[in-house]
Every structure is written in structure tokens, then in C-alpha cells.
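Visitor:
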């Protein structure tokens, strides 16, 4: 069974409840939209996922 997680900083109501969820898969990291759990999912190799999250934390991507 896959366990999807979302940030504890995510809101629980209204537009704040919209976020991504992540799950550790056998070999990859899965990412999905919390508003559409049955919709499409993205998968990333662990090294790619760690690079992306590090870049986001460093402000390397415009997330506005």
C-alpha cells in the first residue's frame, strides 16, 4: 500500500487545502495533486527529487 503525505504546513480548508502529496515508491518518489488523488501522478528518481526540493528551498525557482 502506498502512503501519501502532505506538508503539515498545508491548510485544511478552502484554497489552502490545495497542495501536492508525496509518496515513497519502490524506486522513485511519487507526487500528486491533493485535490485530484485519482488523477495523474509524477514520478522522480530520488536524486532528482532531492535536487528539486533543495533548489526550491534555495529560491532557485519562481513559484508565484
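In my numbering, the protein residues as written are 20 to 83.
Virtual Cβ for every residue (Gly too), placed ideally from N, Cα, C.
These figures come from a predicted structure and were not determined experimentally.
DSSP three-state call for residue 82: helix, strand or coil?
Guide: If DSSP states are grouped into helix, strand and coil, residue 82 belongs with coil.
Visitor: Say whether chain D places a C-beta atom closer than 8 Å to the C-beta of residue 20.
Guide: In the structure shown, chain D cannot be found, because there is only a single protein chain.
Visitor: So what does DSSP say about residue 48, is it helix, strand or coil?
Guide: Here residue 48 sits in strand by DSSP.
Visitor: What separation, rounded to the nearest whole angstrom, lies between the Cα atoms of residue 38 and residue 53?
Guide: If I take the Cα positions, the gap works out to 6 Å.
Visitor: For the candidate residues 78, 29, 79 and 71, whose alpha-carbon lies nearest to that of residue 48?
Guide: Comparing Cα-Cα distances from residue 48 to each of 78, 29, 79 and 71, the minimum goes to 71.
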